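Colleague: Here's a structure for you.
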Amino acid sequence: MSVTLERPVAAQPEEPPHRMGPVERLTSTDHKNVGILYCVTAFGFFLVGGALAGLMRVELAEPARQVVSTQAYNTMFTIHGTVMIFLFVAPFGIGLANYLIPLQIGAPDMAFPRLNLTSYWFFAGAGLLILLSGVASAGGGAAMGWYAYTPLSELRYSPGVGVDLWILGIVLVAISNVMGGVNILATVFLMRAPGMTMWRLPIFTWNMVVTAILGLVAFPPAVAAFALLFIDRRLGGHAFDPLGGGDPALYQHLFWFLGHPEVYILILPFFGIITEVIPVFSRKPLFGYLGLVLATMAIGALSMGVWAHHMFTTGVVSNPFFSAMSLLIAVPTGVKFFAWTGTMWKGKISFTVPMLFALGFLLNFLIGGVTGVMLASAPIDFHMNDSYFVVAHFHYTIMGGSVFAIFAGIYFWFPKMTGAMLRERLGRVVAVLLFVGFNLTFWPQFVLGLRGFPRRYVSYPPNIGFDTPNLVSTIGYAVMFSAMVVFLADVAVSLRRRVPAGDDPWGGNSLEWVTSSPPPEHNFDALPPIRSERPAFDLRHPELAP
Amino acid sequence: MTRALRSGRRATPAGLALLGTACSASFGMPRGATEQGADIFRLWQIFFIAAIPVAGVVYGLIFWSVIRYRRRRSEDPDALGSQFRGNHRLELVYMGIPILIVIGLFAASATVEVRVDRVSADPDVVVNVEAYRWGWRFTYPGRGVTIVSPPSGEFVAGPQMVLPIGQTTRIVLTANDVIHAFWVPDFLYKHDAIPGRTFVFDLTPTRAGTFYGECAEFCGLNHAYMTFSVRVVQPTEFTLWLAQMRAGQAAA
Numbered sequence: 007m008s009v010t011l012e013r014p015v016a017a018q019p020e021e022p023p024h025r026m027g028p029v030e031r032l033t034s035t036d037h038k039n040v041g042i043l044y045c046v047t048a049f050g051f052f053l054v055g056g057a058l059a060g061l062m063r064v065e066l067a068e069p070a071r072q073v074v075s076t077q078a079y080n081t082m083f084t085i086h087g088t089v090m091i092f093l094f095v096a097p098f099g100i101g102l103a104n105y106l107i108p109l110q111i112g113a114p115d116m117a118f119p120r121l122n123l124t125s126y127w128f129f130a131g132a133g134l135l136i137l138l139s140g141v142a143s144a145g146g147g148a149a150m151g152w153y154a155y156t157p158l159s160e161l162r163y164s165p166g167v168g169v170d171l172w173i174l175g176i177v178l179v180a181i182s183n184v185m186g187g188v189n190i191l192a193t194v195f196l197m198r199a200p201g202m203t204m205w206r207l208p209i210f211t212w213n214m215v216v217t218a219i220l221g222l223v224a225f226p227p228a229v230a231a232f233a234l235l236f237i238d239r240r241l242g243g244h245a246f247d248p249l250g251g252g253d254p255a256l257y258q259h260l261f262w263f264l265g266h267p268e269v270y271i272l273i274l275p276f277f278g279i280i281t282e283v284i285p286v287f288s289r290k291p292l293f294g295y296l297g298l299v300l301a302t303m304a305i306g307a308l309s310m311g312v313w314a315h316h317m318f319t320t321g322v323v324s325n326p327f328f329s330a331m332s333l334l335i336a337v338p339t340g341v342k343f344f345a346w347t348g349t350m351w352k353g354k355i356s357f358t359v360p361m362l363f364a365l366g367f368l369l370n371f372l373i374g375g376v377t378g379v380m381l382a383s384a385p386i387d388f389h390m391n392d393s394y395f396v397v398a399h400f401h402y403t404i405m406g407g408s409v410f411a412i413f414a415g416i417y418f419w420f421p422k423m424t425g426a427m428l429r430e431r432l433g434r435v436v437a438v439l440l441f442v443g444f445n446l447t448f449w450p451q452f453v454l455g456l457r458g459f460p461r462r463y464v465s466y467p468p469n470i471g472f473d474t475p476n477l478v479s480t481i482g483y484a485v486m487f488s489a490m491v492v493f494l495a496d497v498a499v500s501l502r503r504r505v506p507a508g509d510d511p512w513g514g515n516s517l518e519w520v521t522s523s524p525p526p527e528h529n530f531d532a533l534p535p536i537r538s539e540r541p542a543f544d545l546r547h548p549e550l551a552p
Numbered sequence: 054m055t056r057a058l059r060s061g062r063r064a065t066p067a068g069l070a071l072l073g074t075a076c077s078a079s080f081g082m083p084r085g086a087t088e089q090g091a092d093i094f095r096l097w098q099i100f101f102i103a104a105i106p107v108a109g110v111v112y113g114l115i116f117w118s119v120i121r122y123r124r125r126r127s128e129d130p131d132a133l134g135s136q137f138r139g140n141h142r143l144e145l146v147y148m149g150i151p152i153l154i155v156i157g158l159f160a161a162s163a164t165v166e167v168r169v170d171r172v173s174a175d176p177d178v179v180v181n182v183e184a185y186r187w188g189w190r191f192t193y194p195g196r197g198v199t200i201v202s203p204p205s206g207e208f209v210a211g212p213q214m215v216l217p218i219g220q221t222t223r224i225v226l227t228a229n230d231v232i233h234a235f236w237v238p239d240f241l242y243k244h245d246a247i248p249g250r251t252f253v254f255d256l257t258p259t260r261a262g263t264f265y266g267e268c269a270e271f272c273g274l275n276h277a278y279m280t281f282s283v284r285v286v287q288p289t290e291f292t293l294w295l296a297q298m299r300a301g302q303a304a305a
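Chain order of the listed sequences is A and B. Note that my numbering has the first sequence beginning at 7, numbered continuously upward. Note that my numbering has the second sequence beginning at 54, numbered continuously upward.
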């Protein structure tokens, strides 16, 4: 039974929120605390991965090898990829889910609060192990690339303990993801407030449901692959060792059966953020809610059947089948683009910082999507595979897409999490610098790939067309770096000299905007009636409520 | 009316010229110095040209909505947009058109793949390519010629494979330690070399010249230095080269 909530007449002066001590911070099972722990830790890993990218860009600015040793370079791209995928983008999504899902469905906490904190600690520990794997062994750390292809990752070719630490770290990440996924599904299926039917779930929550299912299906086979790899290395196995009758291609199948759904684990939560932000700042309901949810489900289902498009040049898979599946996945993704555009159509669009990042997302991600369609064609991939074209493509989806959405989400929900606004003007500077820097960094990488520059090269011969694009790309990195400096300054200033946010600074749609900022420990004193996917809007505009 | 017609008439040849340019443009891709590569190049053109209107429509809609439907400074910040929630017919259209586009792209892609994968039963030349950390061994079986990488951890001129123009060469690809990949960017083609397996593909060079080649699958420390080259020459010159190499290697 829902209780009607009176809207506060005027914004009351904000009380400074309860300050948690470090021990309470690290041990509280409150979903909001766990969510913030996840997001802050993940963002820390983003800075680590970004610093590694900077070293690589400096090395590549000129043709010859100048700055780092070849071994160090190989370690850097291994750790950069692992950190960005498994320790930043995916856990940031889980962090936001932890924070937002109970608020969006009108629940007091996640279904299993202790499991929630445990999954955070598995993730944090895994992160430590993975960083250690990069530095811990004599003669260089884990340097086999983030997909750790066999036989290169076998003991014979990677004798250091770095690979073992890396395997352990990834397995912990997988366990943490499975725990997080179970928790998200249990929470959404069992703890929705009265009136919050599945077809009234906010899209962010819907996307996290599909993401959680993907994780539950895709991680276990990967754990099997990593366990077999460990047995090969330390316990005399031959699963992937051709000299002992094993099969390196089997590893690739198991790995990409995780690896491809994983890229949708890296994007669906952020499609969700964009789908929350655009309706709010267009002052409109979402265009085609049902179609959008079905499109997300279709993406989830198809993403299970496209893994071998990473293996077009191996000669061991049926290319046309995986090519067709990969092309098809463009269709539901297109549905999303039209839904977002349809939502802006005839709206009253205001260009707040979250909306600017959302627009950056749309512009970048479209390029990621279009180039993805090109790569889905096996013959085109015969040229592009393992080239910088692929590097540019996935950075356009994950950096230009997911990371832009992460910043949209940070600027959108930071006021809810802290009770203080981020600075609008600084935020605009961050958005513009990041957009310019991003495109300057990654657009030249398409050119590099077309011209034949392979990924994972520490240096390249001069005067065969690789020099200029590499230099421009490094300059682009410097611009993105400055964007991050401004962003961190924005956070520091906004936390120190607080501009109170009030409950609902944006005119939000979902339930998190009807409680205080930050919300009380039990989240809600009372809930408004839930009659659509935007109960907070219905509360403000009862005349338009269904 | 007449003005519209006249500008329409002027626009048509301009549009055709633009289309003609698009169809001959390379969009940054090398044109493919083999028959197989030329097929892949044409496929790339099809994909790129198909992408232009798609991206144009989506970007156009985004920019139009953002500019046309922005909230003016004079408007109330809480003013609402139109509250419609969807349009089923429109949704079916924007689901249906992309399906048709990807069916077309798939047909083009699958056709080209069949041609690129075709292996001649009776090739003019056979070259065994063996990849190892970190170099290449090119053997011309039955002709007594082998070319091997000099050891390197720097950029040096790698081993050079010589092929006759206009003739079909069968490459027999193996690896004897980890996975490598044989890539000649100007041929728009690469294939992985996986230890324990043997792969066969054909190359039919159509242009003389020296082409840069490299390992494309990360294979450990000196991966970046595992380069080679392919020199394509006239068949008579190729025969001469084989004879010289054979004599030199027999003497050694």
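Every residue, glycine too, gets a C-beta built ideally from N, C-alpha and C. Here the structure is a predicted model, which is why all the values come from computation and not from measurement.
Could you compute how far the alpha carbon of S118 (chain B) sits from the alpha carbon of F343 (chain A)?
Modeller: Using only the alpha carbons, I get a separation of about 13 Å.
Colleague: Which residues of chain B have a Cβ atom closer than 7 Å to the Cβ of H601 (chain A), listed in chain order?
Modeller: The requested residue 601 (chain A) is not part of the displayed model; chain A covers only 7 to 552.
Colleague: Going by C-alpha to C-alpha distance, which of A:S356, A:G133 and A:F210 sits closest to R126 (chain B)?
Modeller: Per the Cα distances, A:S356.
Colleague: Closest Cβ-Cβ distance between P176 (chain B) and chain A: below 8 Å?
Modeller: No, no contact with chain A.
Colleague: Select from A:G140, A:F441, A:R504 and A:T193 the residue whose C-alpha is nearest the C-alpha of G168 (chain A).
Modeller: Checking every option, the nearest Cα to that of G168 (chain A) belongs to A:G140.
Colleague: When you compare the CB of D255 (chain B) with every CB in chain C, is at least one pair closer than 8 Å?
Modeller: Here the protein chains are A and B, and chain C is not one of them.
Colleague: In the DSSP assignment, the beta strand (DSSP E) including D337 (chain B) goes from what residue to what residue?
Modeller: Shown here, chain B extends from 54 to 305; a query on residue 337 (chain B) therefore has no answer.
Colleague: Kindly list, in the order they appear in chain A, the residues whose Cβ is closer than 8 Å to that of C272 (chain B).
Modeller: What C272 (chain B) touches in chain A: L158.
Colleague: Under 8 Å between C-beta atoms, does K342 (chain A) make it to chain B?
Modeller: Taking Cβ atoms only, chain B never reaches closer than 8 Å to K342 (chain A), which makes this a no.
Colleague: In the DSSP assignment, find the beta strand (DSSP E) that holds T320 (chain A) and state where it starts and stops.
Modeller: Segment: none, T320 (chain A) is in no beta strand (DSSP E) and carries neither H nor E.
Colleague: Report the three-state DSSP secondary structure of T377 (chain A) (helix, strand or coil).
Modeller: DSSP places T377 (chain A) in helix when its eight states are reduced to three.
Colleague: Beta carbon of N577 (chain A), beta carbon of F129 (chain A): below 8 Å?
Modeller: Since the first residue shown for chain A is 7 and the last is 552, residue 577 (chain A) is missing from the structure and cannot be characterised.
Colleague: Measuring alpha carbon to alpha carbon, tell me which residue in A:V229, A:I111, A:L234 and A:F363 is nearest T193 (chain A).
Modeller: For the residues A:V229, A:I111, A:L234 and A:F363, the minimum Cα distance to T193 (chain A) belongs to A:I111.
Colleague: Let me check one thing: in DSSP terms, what residues is L365 (chain A) bridge-paired to?
Modeller: Answer is none; L365 (chain A) lacks a bridge partner.
Colleague: Report the start-end ranges of each alpha helix (DSSP H) in the segment 63 to 149 of chain B that is 4 residues or longer and not cut off at the edges.
Modeller: Those alpha helix (DSSP H) runs which fall completely within the segment 63 to 149 of chain B and span 4+ residues are 88 to 121.
Colleague: Establish whether the CB of N391 (chain A) and some CB of chain B are separated by less than 8 Å.
Modeller: Judged by the 8 Å Cβ criterion, N391 (chain A) is in contact with chain B.
Colleague: Could you tell me the distance, in whole angstroms, from the CA atom of D392 (chain A) to the CA atom of N469 (chain A)?
Modeller: If you take the alpha carbons of D392 (chain A) and N469 (chain A), they lie about 21 Å apart.
Colleague: What residues in the segment 444 to 463 of chain A have a beta carbon less than 8 Å from any beta carbon of chain B?
Modeller: Those residues of the segment 444 to 463 of chain A that come within reach of chain B (Cβ to Cβ, closer than 8 Å) are F452, V453, L456, R457, G458, P460, R461, R462 and Y463.
Colleague: On the DSSP bridge list, what partners appear for I237 (chain A)?
Modeller: Partner(s): none; I237 (chain A) has no beta bridge.
Colleague: In terms of residues, what are the limits of the alpha helix (DSSP H) holding F420 (chain A)?
Modeller: Element bounds for F420 (chain A): F410 to T424.
Colleague: Can you pull the chain B residues whose beta carbon is under 9 Å from the beta carbon of F92 (chain A), in chain order?
Modeller: Per Cβ cutoff of 9 Å: no residues; F92 (chain A) is ~18 Å from chain B at best.
Colleague: Extract the residue ranges of the alpha helix (DSSP H) inside the segment 108 to 177 of chain A, only unbroken runs of 4 or more that lie entirely within it.
Modeller: Within the segment 108 to 177 of chain A, the complete alpha helix (DSSP H) runs of at least 4 residues are 119 to 141.
Colleague: Between Q110 (chain A) and chain B, is there a C-beta pair that is closer than 8 Å?
Modeller: No - not a single Cβ of chain B is within 8 Å of the one on Q110 (chain A).
Colleague: If you compare alpha carbons, which of A:W262, A:I219 and A:P248 is closest to A230 (chain A)?
Modeller: Measuring from the Cα of A230 (chain A), the nearest candidate turns out to be A:W262.
Colleague: Straight-line CA distance for F83 (chain A) to G221 (chain A)?
Modeller: Distance between the alpha carbons of F83 (chain A) and G221 (chain A) is about 24 Å.
Colleague: How big is the Cα-Cα spacing for M279 (chain B) and L272 (chain A)?
Modeller: Rounded to whole angstroms, M279 (chain B) to L272 (chain A) spans 33 Å at the Cα level.
Colleague: Would the segment 160 to 172 of chain B count as touching the segment 373 to 391 of chain A if we require 3 or more Cβ pairs under 8 Å?
Modeller: In short, these stretches touch, since the Cβ pair count reaches three.
Colleague: Only counting the same chain, and skipping five residues up and downstream in sequence, which positions put a Cβ closer than 8 Å to that of T289 (chain B)?
Modeller: Result list for T289 (chain B): empty, nothing under 8 Å.
Colleague: With H, G and I counted as helix, E and B as strand and the rest as coil, what does DSSP make of C268 (chain B)?
Modeller: Strand, per DSSP.
Colleague: Classify T257 (chain B) as helix, strand or coil using the three-state DSSP reduction.
Modeller: If DSSP states are grouped into helix, strand and coil, T257 (chain B) belongs with coil.
Colleague: Between which two residues does the alpha helix (DSSP H) containing M303 (chain A) stretch?
Modeller: That run of the alpha helix (DSSP H) goes Y295 to S309.
Colleague: Are the beta-carbon atoms belonging to F191 (chain B) and P212 (chain B) less than 8 Å from one another?
Modeller: In this structure, P212 (chain B) lies closer than 8 Å to F191 (chain B) by Cβ.
Colleague: List the residues of chain A that M214 (chain B) touches, going by C-beta distances under 7 Å, in chain order.
Modeller: Near M214 (chain B) there are no residues of chain A at all, since even the closest Cβ is about 17 Å away, more than 7 Å.
Colleague: Measuring only the C-alpha atoms, how far is P157 (chain A) from V453 (chain A)?
Modeller: Distance between the alpha carbons of P157 (chain A) and V453 (chain A) is about 31 Å.
Colleague: Under 6 Å Cβ to Cβ from A314 (chain A), same chain only, skipping five residues before and after it: list those, please.
Modeller: Within the same chain, A314 (chain A) has close Cβ partners V323 and F328.
Colleague: For P506 (chain A), return the contacting residues in chain B, with the cut-off set at a CB-CB distance below 7 Å.
Modeller: Going along chain B, no residue has its Cβ under 7 Å from P506 (chain A), so there is no contact; the nearest lies around 18 Å.
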